[in-house]
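K.L.:
Per my numbering, residue 17 is the first one in the sequence shown, and the count goes up by one each step.
Think of the CB as a built atom: it goes at the ideal place given N, C-alpha and C, for glycine as much as any other residue.
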Amino acid sequence: MSVSANQRSRKTLACTSEATAFQKAFGQELRRRVVEEREPYAIVQADTPHELFHAMDIPIVTNQWWSAYISAKQLSARYFDAMVDAGYPANSCKYCSLGLACTLANDPETAPWGGLPTPTVMVARLTCDCIQHVFSQWSDALGSEFFPMEAPAWTAKDANWFAHSKSDWERVYQPDRIAHMVREMADLIALLENRTGRKFDDAKFHHLMEQINVQEGYIWEAAQAIGKARPCPVSIAEQMPNTMIPQWHRGSDWAVAHARKFRDEVLARVELGQGASSNEKLRLMWIGAGVWHDPGFYQALEESLGAVFVWSMYMPFAGPAYIRDIKGKPMEALASRIASMNETLHLPPWMTGWMTSEAERCGIDAAIMLLPPDNRLSQSGNKLTALALKEAGVPVLMVDADMVDAKIWDHDRMVGMVADFLHDQGLT
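#1: Can you tell me which of the three DSSP states Ile-194 falls into?
#2: By a C-beta neighbour count over all protein chains shown, 10 Å radius and 16 as the cutoff for buried, is Arg-199 buried or exposed?
#3: Going by DSSP, which residues form a beta bridge with Leu-29?
#4: How would you call Thr-171, buried or exposed, if buried means at least 16 neighbouring beta carbons within 10 angstroms?
#5: So which of Gly-409, Gly-322 and Lys-399 has the shortest CA-CA distance to Val-415?
#6: Name the DSSP beta bridge partners of Phe-162, please?
#7: Alpha carbon to alpha carbon, how far is Glu-45 from Ile-59?
#8: Flag this pair as yes or no: are the beta carbons of Gly-335 and Leu-298 separated by less than 8 Å?
#9: Please identify the residue among Arg-276, Glu-254, Thr-360 and Ala-355 whose C-alpha is closest to the C-alpha of Pro-311.
#10: Taking 8 Å as the cut-off, does the region 209-216 touch the region 366-374 (at least 3 CB pairs, one atom from each stretch)?
#11: Any contact between the region 275-285 and the region 233-242? By contact I mean 3 or more CB pairs, one from each, below 8 Å.
#12: His-180: which of Glu-53, Ile-76, Gly-306 and Ile-339 sits nearest, CA to CA?
#13: If you follow the alpha helix (DSSP H) that Leu-461 is in, where does it begin and where does it stop?
#14: Going by CA-CA distance only, name the one from Leu-142, Asn-258, Glu-348 and Val-420 that's closest to Pro-164.
#15: Considering only their Cβ atoms, is the gap separating Asn-258 from Cys-31 smaller than 8 Å?
#16: Please name the residue in Ser-87, Val-139, Gly-115 and Asp-73 whose C-alpha comes closest to that of Gly-131.
#17: Can you check which of these residues, Gln-227, Ala-382, Trp-154 and Asp-421, is closest to Ala-402 by C-alpha distance?
#18: Smallest Cα separation from Asp-184: which of Ala-435, Ser-373, Met-347 and Ile-342?
#19: To the nearest angstrom, report how far apart Asp-192 and Ala-41 are at their CA atoms.
#20: Output yes or no for whether 8 Å exceeds the beta carbon distance between Ile-228 and Gln-39.
#21: Which residue spans inside the region 357-428 form an unbroken beta strand (DSSP E) run of at least 3?
#22: May I have the straight-line CA-CA distance separating Gly-291 from Arg-26, to the nearest angstrom?
#23: Taking Thr-28 as the reference, give the member of Leu-224, Gln-315, His-309 and Asp-218 with the closest Cα.
#24: DSSP puts Arg-299 in a beta bridge; with which residues?
#25: Buried or exposed: Lys-110, going by 16 or more other Cβ atoms within 10 Å of its Cβ?
#26: So the candidates are Lys-345, Leu-361 and Gly-397; which of them puts its Cα closest to the Cα of Ala-328?
#27: What separation, rounded to the nearest whole angstrom, lies between the Cα atoms of Trp-129 and Leu-204?
#28: Do Pro-388 and Asp-426 have their C-beta atoms closer together than 8 Å?
#29: Which complete alpha helix (DSSP H) runs does the region 24-86 hold, if anything under 4 residues is left out?
#30: In the DSSP assignment, find the unbroken alpha helix (DSSP H) run with His-180 in it and report its ends.
#31: Are the region 345-353 and the region 269-276 touching, with three or more C-beta to C-beta distances below 8 Å?
#32: Which of the three DSSP states is assigned to Arg-214 in this structure?
#33: Sorted by chain position, which residues of the same chain lie with C-beta nearer than 7 Å to Ala-404's C-beta, five sequence neighbours on each side aside?
#34: Are Ser-251 and Val-326 closer than 8 Å when you measure CB to CB?
#35: Assign Gln-90 to buried or exposed, taking buried as 16 or more other Cβ atoms, counted over all protein chains shown, within 10 Å of its Cβ.
Spelled out as structure tokens, the structure:
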């Protein structure tokens with residue numbers, strides 16, 4: 017991997033440093049609770065109902081966050097080698113299996129926190145063929161229990177789901193699927209109460225859901241402003257942490273306050289005409305998870321070519337995926353959010369309809385699409401979405417790279433590839 021001086025991202029917002037500082041302190045507190053105090057905790061996928069754990073004050077380690085954490089410490093290559101040495105195929109899906117790889121390496125000297133202790137439970141939705149194997153074998157390796165959640169088929173193929181998800185979520189996400197998810201969440205709550213001795217508080221949960229609406233509303237306002245503003249006030253290198261860090265704590269007092277502060281800083285920069293680049297000429301769309309081992313990649317061409325990454329899925333997803341008119345049914349509203357999170361991000365027609373609409377809203381000139389070679393779920397919808405974007409007049413560069421595997425990434429080569437693509441498309 018080539019490491020350039022530009023690999024670290026530049027920060028222009030005060031709230032960006034505040035978010036990363038908060039997350040660092042949170043990581044230390046989480047480590048204290050989980051590793052030192054040995055509180056009951058869970059390892060969960062990103063698309064599972066975190067809100068249940070938050071309402072019960074049960075610490076969680078999110079698999080994708082843990083993978084990004086390991087990757088940012090430049091440890092992914094070492095652990096994937098250990099996974100191969102243990103007999104696993106070299107082409108295992110990387111994003112969801114890095115935590116398992118870290119556990120299998122069994123090297124407390126290098127592992128973050130010295131490695132994870134045994135969790136009370138591990139929770140994942142069965143959204144692809146490999147996730148059941150990953151979590152089953154990881155739970156065995158840690159001496160824990162795997163609680164699988166179904167991914168019920170979504171037969172209502174409404175490509176404009178995002179236009180109706182706030183108020184008409186019962187129809188959009190289908191009553192039968194919502195009811196199924198509610199039953200599974202009730203089973204999960206019962207398991208957590210039995211294993212931890214903590215009780216689920218309905219009033220606290222309802223308040224949390226209301227506060228999440230407030231938080232996501234601030235993020236949605238900022239996303240709308242960024243889409244309209246010329247120049248783009250904040251690149252995705254800062255959109256990502258200011259969206260994703262509060263999302264891990266969604267509904268908390270800190271997360272709501274930070275989302276509001278982020279919105280206010282974005283609107284202030286729009287009012288002053290300040291841009292992420294002093295030379296914006298091209299507006300780029302990044303499709304896929306973040307390249308967590310090289311955040312500086314997103315800002316590498318801002319000044320030289322005026323190419324600004326103005327869009328990634330994390331920030332504009334806050335509105336259609338999270339905000340719900342609760343209607344006195346907080347558990348059902350949460351179920352509607354969980355039931356289709358991966359589908360809307362990765363599978364047509366939902367992914368295709370949303371991303372082409374977003375490209376138009378934000379005035380996108382070109383899209384760069386991450387195509388992880390071993391991540392089946394990411395591949396399945398990306399190629400069809402690329403075709404839809406091209407038909408809509410947005411050229412697409414598909415990049416064979418991985419969000420957490422730094423071994424197959426070279427900063428300078430990737431930046432050069434994007435620059436050549438933009439030139440070949442006649443955009444520079």
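P.N.:
With the structure as the only source:
#1: DSSP places Ile-194 in helix when its eight states are reduced to three.
#2: Exposed: under 16 other Cβ atoms inside 10 Å.
#3: Assignment of beta-bridge partners to Leu-29 by DSSP yields no partner.
#4: The residue is exposed, with fewer than 16 neighbouring Cβ atoms inside 10 Å.
#5: Ranked by Cα distance from Val-415, the first of Gly-409, Gly-322 and Lys-399 is Lys-399.
#6: Under DSSP, Phe-162 forms a beta bridge with Met-138.
#7: Approximately 16 Å, taken between the alpha carbons.
#8: It is not a contact, given that the beta carbons lie outside the stated cut-off.
#9: Ranking the options by Cα distance to Pro-311, first place goes to Glu-254.
#10: Output reads no: the region 209-216 does not touch the region 366-374.
#11: Enough Cβ pairs lie closer than 8 Å, so yes.
#12: Residue nearest to His-180 within the set Glu-53, Ile-76, Gly-306 and Ile-339 is Ile-339 (criterion: CA-CA distance).
#13: Past the edges of the chain, shown from 17 to 444, lies residue 461, and the structure says nothing about it.
#14: The candidate whose alpha carbon is nearest that of Pro-164 is Leu-142.
#15: Yes; because the gap between Cβ atoms is below 8 Å, this pair is in contact.
#16: Ranking Ser-87, Val-139, Gly-115 and Asp-73 by Cα distance to Gly-131 puts Gly-115 first.
#17: That would be Ala-382, whose Cα lies nearest to the Cα of Ala-402.
#18: Looking at Ala-435, Ser-373, Met-347 and Ile-342, the one whose alpha-carbon comes closest to that of Asp-184 is Ile-342.
#19: Cα to Cα, Asp-192 sits roughly 41 Å from Ala-41.
#20: Not closer than 8 Å, so no.
#21: Those beta strand (DSSP E) runs which fall completely within the region 357-428 and span 3+ residues are 382-386 and 412-415.
#22: For Gly-291 and Arg-26, the distance between alpha carbons rounds to 13 Å.
#23: Of the listed residues, the one whose Cα sits closest to Thr-28 is Gln-315.
#24: Paired residue(s): Val-324.
#25: Under this definition Lys-110 is a buried residue.
#26: The sequence given here places Ser at residue 328; Ala does not occur at that position. The residue from Lys-345, Leu-361 and Gly-397 with its alpha-carbon nearest to that of Ser-328 is Leu-361.
#27: For Trp-129 and Leu-204, the distance between alpha carbons rounds to 27 Å.
#28: Contact check for Pro-388 against Asp-426 fails: the beta carbons are separated by 8 Å or more.
#29: For the region 24-86, the full-length alpha helix (DSSP H) segments reaching 4 residues or more read 30-47 and 66-71 along the chain.
#30: In the DSSP annotation of this structure, His-180 is not part of any alpha helix (DSSP H), being labelled neither H nor E.
#31: Touching, no.
#32: In the structure shown, Arg-214 sits in coil (DSSP, three-state: anything other than H, G, I, E or B).
#33: The beta carbon of Ala-404 sits closer than 7 Å to the beta carbons of Thr-368 and Thr-372 from its chain, once the five residues preceding and following it are set aside; these are given in chain order.
#34: Contact: yes.
#35: That one is exposed.
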